[in-house]
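Residue numbers (our numbering): 94 to 453.
For glycine and all other residues, C-beta sits at the position ideal for the given N, C-alpha and C.
All values derive from a computational prediction rather than experimental measurement.
Following: one structure in C-alpha cells, then a few remarks.
This is how it looks when you write it as C-alpha cells:
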C-alpha cells in the first residue's frame, strides 16, 4: 500500500532509523557487505544522544579510544562511513511501516519521504527525546527565545543574567560553565533547585558551593511559581521570575535567559504501533542476528532488549555486525557471504577505498 504521493518511493536494500553512534556504525557494517543504506533521524544532525545530551562531555569506554567527546565520536564515525556514501534524511520521523506482498517494507516519514526497502534497522536509542517542561503559566511563549531546555550555542548566554533550574549533572555542569572565567562567561548565574540535595556528581556540587561562597554565582532553594513579562511594540519580554522558597517566601528575580534541565523523557513514538514485540518500551530481539519478531526488521543499540542486555555503545557496535550478516539472506538471497577481515581482504580494501598493505 502506497500513500497518494506523486513521487516514486526510493528503492533501497536497507533503511536505518536513527543516526546515533550505533546507527552510524550500522552503515559501516552494511557497507562492508556492499549494502548501501538510507538513514533517517528526527534530529537535524547526526550523532543522536551523545550530540544531543553531552557533545562536550568525555566518553571513556570506546575501545582503543581512551577518551573522546560525543562530538568527536560522531565526527570519527562520519569519517569512517564516508566511503559507503550513505544518504541521510534528517529532521524527519518515520510514521509508517507496512510490509508489502513481495516481502519488502513501505516506509514513510512525516515529511512524506517514502521508501521501499528489503530491510529496516531500528537504531533509535531509547526513542525520541522530549524535554520535561517547567510548567508555569505563560512561560511557553518564551520557549526558544529566553526559555531553553538545551544549550545549542553557549555564546548566546555570554554576558547575560541567567537562571538555571535543575539538580542533575546538566544543570550543575552548565551553571559551572557559565559562572567561571571563559569565553562564554555570563554576567550572573543563579541556580535554583527545589531542595538542597542534588543528583549531580559530588565534585560539581562542591565546586558550585565554592563559587557561591566566592560570590561568583548564587544558589536558591525553591521553585519558580510565576513570571513577570513586559510588552512593548507588540513584543513580550520575560523580565523576572517569582521563586517561592522552602521558607514559603516568594522572591522576584530578574533575568535575561532561563535554562531548564529537568531531564528528558524518552518516548517510543510511532515504533509502538508497528506490531513489534515490545517489553518495557524496548524491542525484543534474538541474539543471533538481532532480528525482531518481524523478519527483515532488526533492532540494535539501546532500543532493543534480550537476556543479559547492557546499554553500552560498544554493545551496540557488536549488535550491528551480527545484524548486518543476519540481513544478507534477505538482501542477497542467492549470494554466499563469507566473513572477511579489513586487515587482509583486498576486496574490503577496495570497498573502503584504501590500498592493500604489503606484508613481508
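Specify, as a first and last residue, the run of the alpha helix (DSSP H) that residue i falls within.
i	result
residue 167	163-174
residue 300	295-306
residue 262	262-272
residue 364	Counting along the chain, residue 364 falls outside any alpha helix (DSSP H), and DSSP gives it neither H nor E.
Check whether the Cβ atoms of residue i and residue j sit closer than 7 Å, and answer yes or no.
i	j	result
residue 256	residue 264	no
residue 348	residue 254	yes
residue 147	residue 124	no
residue 117	residue 170	yes
residue 338	residue 315	yes
residue 419	residue 368	no
residue 120	residue 174	yes
residue 134	residue 209	no
residue 372	residue 393	no
Which same chain residues, not among the five before or five after residue i, have their C-beta less than 6 Å away from its C-beta?
i	result
residue 445	176
residue 211	106, 197, 423 and 424
residue 345	333 and 335
residue 272	282, 304, 309 and 310
Between the C-alpha atoms of residue i and residue j, what's the straight-line distance to the nearest angstrom?
i	j	result
residue 111	residue 191	18 Å
residue 381	residue 375	18 Å
residue 188	residue 167	26 Å
residue 402	residue 340	46 Å
residue 99	residue 181	Because residue 99 sits at a pLDDT of 43, beneath the cut-off of 50, its placement in the model cannot be relied upon, and the point is left open.
residue 144	residue 160	15 Å
residue 139	residue 228	30 Å
residue 200	residue 109	11 Å
residue 94	residue 101	For residue 94, the pLDDT reaches just 34, beneath the cut-off of 50, and the residue's location in the model is therefore unreliable, leaving the point undetermined.
residue 389	residue 327	55 Å
Assuming residue i is part of the beta strand (DSSP E), what are its boundary residues?
i	result
residue 334	328-338
residue 291	No beta strand (DSSP E) holds residue 291; DSSP gives it neither H nor E.
residue 233	Here residue 233 belongs to no beta strand (DSSP E), and DSSP marks it neither H nor E.
residue 310	Run containing residue 310: none; DSSP gives neither H nor E here.
residue 354	Counting along the chain, residue 354 falls outside any beta strand (DSSP E), and DSSP gives it neither H nor E.
residue 286	281-286
Please return the same chain residues whose Cβ sits closer than 7 Å to the Cβ of residue i, not counting the five positions on each side in sequence.
i	result
residue 223	357, 358 and 360
Around the Cβ of residue i, are there at least 16 other Cβ atoms within 10 angstroms (buried) or fewer (exposed)?
i	result
residue 248	exposed
residue 430	exposed
residue 432	exposed
Within the same chain, show all residues whose beta-carbon is closer than 8 Å to that of residue i, passing over the 5 residues directly before and after it, in chain order.
i	result
residue 268	257, 282, 284, 301 and 310
residue 230	319 and 320
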